[in-house]
Amino acid sequence: IKTSLGTLLSSSSIAAGGSVTDKATLSGGIAPTGNIGFFYSTSNSCPTTGATKIGTPVAVSDNGAYTSASQTFATAGTYYVYAVYSGDGTNNGATSACEPLVVGSTAPALGTTLSANTIVAGGSASDSATLSGGSSPTGTVTFFESTTNTCPAAGATQVGTPVTVSGDGSYPSTSAAFNTAGTYYWYATYSGDSNNNAVTSQ
Numbered sequence: 014i015k016t017s018l019g020t021l022l023s024s025s026s027i028a029a030g031g032s033v034t035d036k037a038t039l040s041g042g043i044a045p046t047g048n049i050g051f052f053y054s055t056s057n058s059c060p061t062t063g064a065t066k067i068g069t070p071v072a073v074s075d076n077g078a079y080t081s082a083s084q085t086f087a088t089a090g091t092y093y094v095y096a097v098y099s100g101d102g103t104n105n106g107a108t109s110a111c112e113p114l115v116v117g118s119t120a121p122a123l124g125t126t127l128s129a130n131t132i133v134a135g136g137s138a139s140d141s142a143t144l145s146g147g148s149s150p151t152g153t154v155t156f157f158e159s160t161t162n163t164c165p166a167a168g169a170t171q172v173g174t175p176v177t178v179s180g181d182g183s184y185p186s187t188s189a190a191f192n193t194a195g196t197y198y199w200y201a202t203y204s205g206d207s208n209n210n211a212v213t214s215q
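Positions in the sequence shown are counted from 1; adding 13 to them yields the working numbering.
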């Protein structure tokens with residue numbers, strides 16, 4: 014008996030680090046048994062060699078809808094998800110069409126905290142940047158200070174060297190001395206990477 018298999022993703026577009034499930038609907042069979050396996054790959058040919066399994070195959074007990082395990086996608090890109098019905102002694106196997114999933118870059122947040130908001134001329138201060146909401150972010154955080162309250166600012170002075178990022182968390186700047194009285198404005202920039210957007214603190 015010829016069967017038909019269609020799929021529907023819980024979402025067709027997510028940010029890196031997000032998860033989806035896939036729902037396969039089996040129809041046309043006569044009391045079908047067997048199982049449905051779920052897969053994804055970067056190839057839009059389904060099925061494809063080297064595809065990655067999503068969870069374990071789901072047992073089939075009749076025509077109807079069957080849902081995959083949740084699958085997390087840590088890397089931005091376009092993926093193709095599909096399902097395969099094994100068939101049984103009465104019903105032929107079936108493979109669904111490719112279903113595209115777009116995994117976009119995550120938009121992390123970057124906040125900063127100064128070691129002191131007021132110092133005397135000749136004193137020093139440092140800044141600490143906290144990166145959050147990223148998907149295993151890498152790259153760098155760079156600190157700046159300037160005399161304008163627009164951030165980022167043309168002509169701002171970089172403080173120290175860029176700090177290497179290895180995940181969400183707090184990253185401290187080096188200390189900077191201020192020999193002239195006045196008001197200064199600090200900010201930090203995160204470089205971004207293939208899975209995370211660049212961002213500038215406010």
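We put the beta carbon where it would ideally sit given N, CA and C, even for glycine.
(request) Would you kindly check if the distance between the Cβ of residue 120 and the Cβ of residue 109 is under 8 Å? (result) With contacts defined as CB atoms closer than 8 Å, residue 109 and residue 120 fail to qualify as a contacting pair.
(request) Could you tell me the boundaries of the beta strand (DSSP E) in which residue 49 lies? (result) First-last of the beta strand (DSSP E) with residue 49: 48-54.
(request) Quick one: give me the first and last residue of the beta strand (DSSP E) that residue 70 is part of. (result) Where residue 70 is concerned, the enclosing beta strand (DSSP E) stretches over 65-72.
(request) Could you give the DSSP three-state label for residue 80: helix, strand or coil? (result) Here residue 80 sits in strand by DSSP.
(request) Mind listing, in chain order, the continuous alpha helix (DSSP H) runs of no fewer than 4 residues lying wholly within the region 103-132? (result) Runs of the alpha helix (DSSP H) inside the region 103-132: none found.
(request) Taking residue 214 and residue 201 to be in contact with their CB atoms under 8 Å, please state how far apart those CB atoms are, rounded to whole angstroms. (result) Correct: roughly 5 Å between the Cβ atoms.
(request) Report all residues from its chain with a CB closer than 8 Å to the CB of residue 153; omit the five preceding and five following residues, and keep chain order. (result) The answer, listed in chain order, is 175, 176, 177, 178, 203, 204.
(message) For residue 28 and residue 116, I'd like the C-alpha separation in whole angstroms.
(response) If you take the alpha carbons of residue 28 and residue 116, they lie about 5 Å apart.
(request) Identify, in the order they occur along the chain, each residue of the same chain with its Cβ nearer than 8 Å to the Cβ of residue 112, setting aside the five sequence neighbours on each side. (result) Cβ within range, chain order: 20, 21, 22, 25, 35, 93, 94, 95.
(request) Could you tell me whether the region 33-51 touches the region 124-140, using the rule of 3 or more Cβ pairs below 8 Å? (result) Touching, no.
(request) Given a cut-off of 8 Å, decide if residue 85 and residue 17 are closer than it, judged by their beta-carbon atoms. (result) No. Outside cutoff.
(request) Just the C-alpha distance for residue 106 and residue 72, rounded to the nearest angstrom, thanks. (result) If you take the alpha carbons of residue 106 and residue 72, they lie about 14 Å apart.
(request) Please list, in chain order, all residues of the same chain as residue 126 whose beta carbon is under 6 Å from its beta carbon, the five residues on each side excluded. (result) Same-chain partners within the cutoff: 141.
(request) Using the DSSP secondary-structure output, state which residues sit across from residue 163 in a beta bridge. (result) DSSP output for residue 163 lists no bridge partner at all.
(message) Going by beta-carbon coordinates alone, are residue 68 and residue 87 separated by less than 8 Å?
(response) For residue 68 and residue 87, no; Cβs fall outside 8 Å.
(message) For residue 38, list the residues DSSP reports as bridge partners.
(response) Bridge partners of residue 38: 19, 78.
(request) Can you tell me which of the three DSSP states residue 215 falls into? (result) Annotated three-state conformation of residue 215 is coil, per DSSP.
(request) Rounded to whole angstroms, what's the CA-CA distance from residue 66 to residue 211? Just pull it up for me. (result) Roughly 32 Å between the two C-alpha positions.
(message) In the DSSP output, what is residue 138 paired with across the bridge?
(response) For residue 138, which the question treats as bridged, DSSP gives the partners 189.
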